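A quick write-up on the structure given underneath.
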Amino acid sequence: MTKNGTFMFKGRTNLPELSHIMVPTKTQPMATFFWIDRGATVLELDTVPYKNFRWSGIDVKAKIIQSGNANKVIDAADKYKKSVELSNIPKEEKGKLIKFMVDSLLVKYPNSMISLHMLWSNTQYYNHQQLQEIYASLDKSLSSHTRALEIKNRYLKRVDVEIGKKLPDFSQNDPFGKTVSLTDFKGKYILVDFWASWCIPCRNENPKVVDAYQKYKANGFEILAVSLDSSKEAWIKAIKDDGLTWYHVSDLGGWNSEVSTTFKIKSVPANFLIDKDGVVIAKNLKGDELTKKLAEIFSSK
Numbered sequence: 293m294t295k296n297g298t299f300m301f302k303g304r305t306n307l308p309e310l311s312h313i314m315v316p317t318k319t320q321p322m323a324t325f326f327w328i329d330r331g332a333t334v335l336e337l338d339t340v341p342y343k344n345f346r347w348s349g350i351d352v353k354a355k356i357i358q359s360g361n362a363n364k365v366i367d368a369a370d371k372y373k374k375s376v377e378l379s380n381i382p383k384e385e386k387g388k389l390i391k392f393m394v395d396s397l398l399v400k401y402p403n404s405m406i407s408l409h410m411l412w413s414n415t416q417y418y419n420h421q422q423l424q425e426i427y428a429s430l431d432k433s434l435s436s437h438t439r440a441l442e443i444k445n446r447y448l449k450r451v452d453v454e455i456g457k458k459l460p461d462f463s464q465n466d467p468f469g470k471t472v473s474l475t476d477f478k479g480k481y482i483l484v485d486f487w488a489s490w491c492i493p494c495r496n497e498n499p500k501v502v503d504a505y506q507k508y509k510a511n512g513f514e515i516l517a518v519s520l521d522s523s524k525e526a527w528i529k530a531i532k533d534d535g536l537t538w539y540h541v542s543d544l545g546g547w548n549s550e551v552s553t554t555f556k557i558k559s560v561p562a563n564f565l566i567d568k569d570g571v572v573i574a575k576n577l578k579g580d581e582l583t584k585k586l587a588e589i590f591s592s593k
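Residue numbering for the sequence shown follows the numbering used here, beginning at 293 and increasing consecutively.
Shown next as structure tokens:
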């Protein structure tokens, strides 16, 4: 609320949380990020960058970082991450550097909410075993925080989809609210296709997929499309506009879709072709590759 040229934010929190204040500018919005905890937290600032404001409140410094200073952790994390992100280095090497930075923070500040936040925001650089080991080593004081619980309940359930291995079953609702599962199509060759109405490459790819579906549906080929849409209306409209007559599911979670997270989908379009036994036999078939692969499969039948 505002009064006499001043404003006030009020709220409640049971655990330390990362918050921010955003200020519009002529070019782009600028934001100051800060941590709040239970108890009184006082912020004093007259410009946007976080180094130009002060906070007070025992809980903030004592409970977020029990050994060390919060600003030191923020400065260290900011310094390492910016240097990595701005460097002209290969993606794989960049991931190694970011992972090294996060690991170092967790070792030096094991009780830190900021260290946990850095881990949570960079889980893509860890394989399942590494993430499992780090989660098990987290300080007990952090285990009940939403970030830790999300790592446990969401990211530790992720699987590496590999050719020659079975694709785990999953279920989501179709546009009519009916639950559809991968195992519903047992005994057929299935293309699990990740897409979205807003994805231009996906929409450009759809005519090729339509051709393949019409040509091989009678042979036992089926498609289960998983949408990363968040708007049901846009999702359904794209299905109709592109003439996609196969099966469709979505939890309307966008990039937070449970299935896309489980299977580590980082971009769309993406797809997995599985055989009658549920084993992955091809990945990310594009253009004429899908039709050629299906021709190879069904010509030998």
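Glycine included, C-beta positions come from ideal geometry on N, C-alpha and C. From a predicted model like this one, the values you see are computed outputs, not experimental measurements.
Please list the segments of the alpha helix (DSSP H) lying wholly inside the region 559 to 592, counting only runs of 4 or more residues, in order along the chain.
581 to 591
Specify, as a first and last residue, the run of the alpha helix (DSSP H) that leucine 411 falls within.
405 to 412
Take every Cβ of the region 438 to 452, pair it with every Cβ of the region 484 to 504, and state whether three or more of those distances are shorter than 8 angstroms.
No, the region 438 to 452 does not touch the region 484 to 504.
Could you please give me the residues that DSSP links to histidine 312 through a beta bridge?
Phe325
Going by the CB atoms, is the gap between threonine 475 and aspartate 461 shorter than 7 angstroms?
yes
Just to confirm the assignment, what range does the alpha helix (DSSP H) spanning serine 552 have?
From DSSP, the alpha helix (DSSP H) with serine 552 extends over 550 to 554.
For a quick check, are the C-beta atoms of leucine 516 and isoleucine 482 less than 7 angstroms apart?
yes
On a CA-only basis, which of Ile455, Ser463, Phe477, Ser519 is nearest leucine 577? Give me that one, please.
Ile455
Would you mind sorting alanine 504 into buried or exposed? The rule is 16 or more other CB atoms within 10 Å of its CB.
buried
Provide the residue(s) that pair with glutamine 424 in DSSP beta bridges, ordered along the chain.
According to DSSP, glutamine 424 bridges with nothing at all.
Under the assumption that serine 552 contacts leucine 582 (Cβ atoms under 8 angstroms), give the Cβ distance between them as a whole number of angstroms.
20 angstroms between Cβ atoms; not a contact.
Going by DSSP, what residues sit across from glutamate 514 in a beta bridge?
Ile482
Could you check what DSSP says for lysine 458 in three-state terms: helix, strand or coil?
strand
Could you check which residue in Lys386, Lys432, Ala562 has the C-alpha nearest to that of glycine 493?
Per the sequence shown, residue 493 should be read as proline rather than glycine. Selected option, being the one with the closest Cα: Ala562.
Would you give the residue range spanned by the alpha helix (DSSP H) that glutamine 416 belongs to?
In the DSSP annotation of this structure, glutamine 416 is not part of any alpha helix (DSSP H), being labelled neither H nor E.
Pull up the distance between the alpha-carbon of threonine 554 and that of lysine 318, whole angstroms please.
40 angstroms
Under a three-way DSSP split, which group does valine 472 fall into?
strand
State the DSSP-derived secondary structure class of tryptophan 538, mapped to helix, strand or coil.
coil
Could you tell me if the beta carbon of lysine 529 falls within a distance shorter than 6 angstroms of some heavy atom in the ligand HEM?
Of the ligands one can find in the structure shown there are none, so the ligand HEM has no counterpart to examine.
Roughly how many angstroms separate the alpha carbons of tyrosine 427 and glycine 546, rounded to a whole number?
26 angstroms
Specify whether the region 432 to 446 and the region 297 to 313 touch according to this definition: at least 3 beta carbon pairs, one from each stretch, less than 8 angstroms apart.
yes
Determine the DSSP secondary structure at serine 359, reduced to helix, strand or coil.
The pLDDT assigned to serine 359 is 32, lower than 50, so where the model puts this residue is not dependable, and the model offers no usable value.
In this structure, does DSSP put tryptophan 487 in helix, strand or coil?
strand
Rounded to whole angstroms, what is the Cα-Cα separation between aspartate 534 and valine 399?
51 angstroms
Candidates Glu497, Lys500, Ser592: which alpha carbon is nearest asparagine 511's?
Closest option to asparagine 511, Cα to Cα, is Ser592.
If you run the structure through DSSP and keep just helix, strand and coil, what is serine 396?
helix
Where do the ends of the alpha helix (DSSP H) carrying asparagine 596 lie?
Limits of the chain in this structure are 293 at one end and 593 at the other, which puts residue 596 out of reach.
Leaving out five residues on either side along the sequence, give the residues of the same chain with a beta carbon under 8 angstroms from the beta carbon of lysine 478.
Lys568, Gly570
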